[in-house]
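Numbering that gives the first Met the number 0 applies: residue 0 is where the sequence shown begins, and numbers increase by one.
Glycine included, C-beta positions come from ideal geometry on N, C-alpha and C.
Remember, predicted model here, so these are calculated numbers, not experimental data.
Worksheet: the structure to be examined is printed underneath.
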Amino acid sequence: MTKPSDRQKPLKPSNLRIIGGRWRSRRVEITALEGLRPTPDRVRQTLFDWLEHLWAGQGQDLSGMRVLDAFAGTGALGFEAGSRGASEVLFIEHHPLACQAIARQIASFNAGNLRLMRGDTMQAMKKLGQLNQPFDLILLDPPFALALHLPAAGLAISLLSKTGLLYVESPHSWTQLLGLANESTRSLLEHAFVVLRQAKAGSVHYHLLQRNQQGVD
């Protein structure tokens, strides 16, 4: 029997703020789930600064861009993209409570450019790959313990437009991740993507990659 003093304190719901665009300063709900790790403000700001620089002349506007927030969790990255003008943001999440929170948030924004797909992310990405409806930006931040970064990046190849961008958040650098892969996976991803930007915040590495136009079709 667990003594009261030995029990872990229950997790409490919290929230984070959207930092740019039409929903700037609006709050996004963080469900009290073990292992849920929302991308910090500083990292989100850096990511969208990178995008602003790459899409010069568009400012922080993602108008016309289709965005996939895989392993959405809180949906913070996808909501940030939607706030900044993405024409469509698709969230994929499997945890029922996280899905409920994302659905509530979508309803609160009353925006037609936000859509939630419930279920296993890897299976959903495989199905999406058959639709021939490419995304311009895929946000990839799976639970670190599942080690799905490289398998999901492999699926992202067929989901991205020819100049599409892939954001990867990981406990390892991209080079380290590739070093952990088998030879065929490493070769596939080395040819498929080029690293445009990378940085580290605490123990988290984050990267912006682009499809290599001379790589995999």
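Backbone CA spacing between Gly74 and Pro142 [nearest angstrom]: Roughly 13 Å between the two C-alpha positions.
Touch test, the region 21-32 against the region 157-170, Cβ-Cβ under 8 Å, three pairs minimum: In short, these stretches do not touch, since the Cβ pair count stays below three.
Entirely enclosed alpha helix (DSSP H) segments - the region 53-133, minimum 4 residues: Listed in chain order, the complete alpha helix (DSSP H) runs (minimum 4 residues) inside the region 53-133 are 75-82, 95-108 and 120-127.
CB contact below 8 Å: Gln175 versus chain D: Although the question refers to chain D, the structure presented lacks it and comprises just one protein chain.
Given Gly218 as reference, the closest of Asp119, Ala102 and Arg117 once Cα atoms are compared: This structure leaves residue 218 out entirely; the chain is present only between 0 and 216.
Distance between Arg83 and Leu61 (C-alpha atoms, nearest Å): Using only the alpha carbons, I get a separation of about 6 Å.
Proximity to Thr174 [Cα-Cα], best of Phe108, His206 and Leu158: Of the candidates Phe108, His206 and Leu158, the one whose C-alpha sits nearest the C-alpha of Thr174 is His206.
Glu33 - DSSP class collapsed to helix/strand/coil: Three-state result, Glu33: coil.
Identified DSSP bridge partners for Phe192: Beta-bridge analysis with DSSP links Phe192 to Arg210.
Three-state secondary structure assigned by DSSP to Gly153: Of the three classes helix, strand and coil, the one that applies to Gly153 here is helix, per DSSP.
Where Pro95 falls, given that 16 or more other Cβ within 10 Å makes a residue buried: The residue is exposed, with fewer than 16 neighbouring Cβ atoms inside 10 Å.
Contact check, Leu50 vs Val88, beta carbons under 8 Å: Contact: no.
For Thr174, the first and last residue of its enclosing alpha helix (DSSP H): If you look at Thr174, you'll find it in the alpha helix (DSSP H) that goes Trp173 to Gly178.
Sequence-distant residues of its chain with Cβ nearer than 7 Å to Pro150 (five each side left out): These residues qualify, in order along the chain: Met121.
Rounded distance between the beta-carbons of Leu138 and Gly63, thought under 8 Å: Between Leu138 and Gly63 the Cβ distance is about 17 Å, and since that is not below 8 Å, they are no contact.
CA nearest to the CA of Leu115, picked from Leu46, Leu67 and Ala191: Ranking the options by Cα distance to Leu115, first place goes to Leu67.
Exposure label - Pro170; buried when at least 16 CB within 10 Å: If you draw a 10 Å sphere on the C-beta of Pro170, you find fewer than 16 other C-beta atoms in it, and that means exposed.
Residues bridged to Val42 [DSSP beta-bridge criterion]: Answer is none; Val42 lacks a bridge partner.
Coil, strand or helix - Leu145 by DSSP: Shown here, Leu145 sits in a helix according to DSSP, grouped into three states.
N-terminal and C-terminal residue of the beta strand (DSSP E) that Gly163 is part of: Residues Leu159 to Ser169.
Contact check, Phe192 vs Leu208, beta carbons under 8 Å: It is a contact, given that the beta carbons lie within the stated cut-off.
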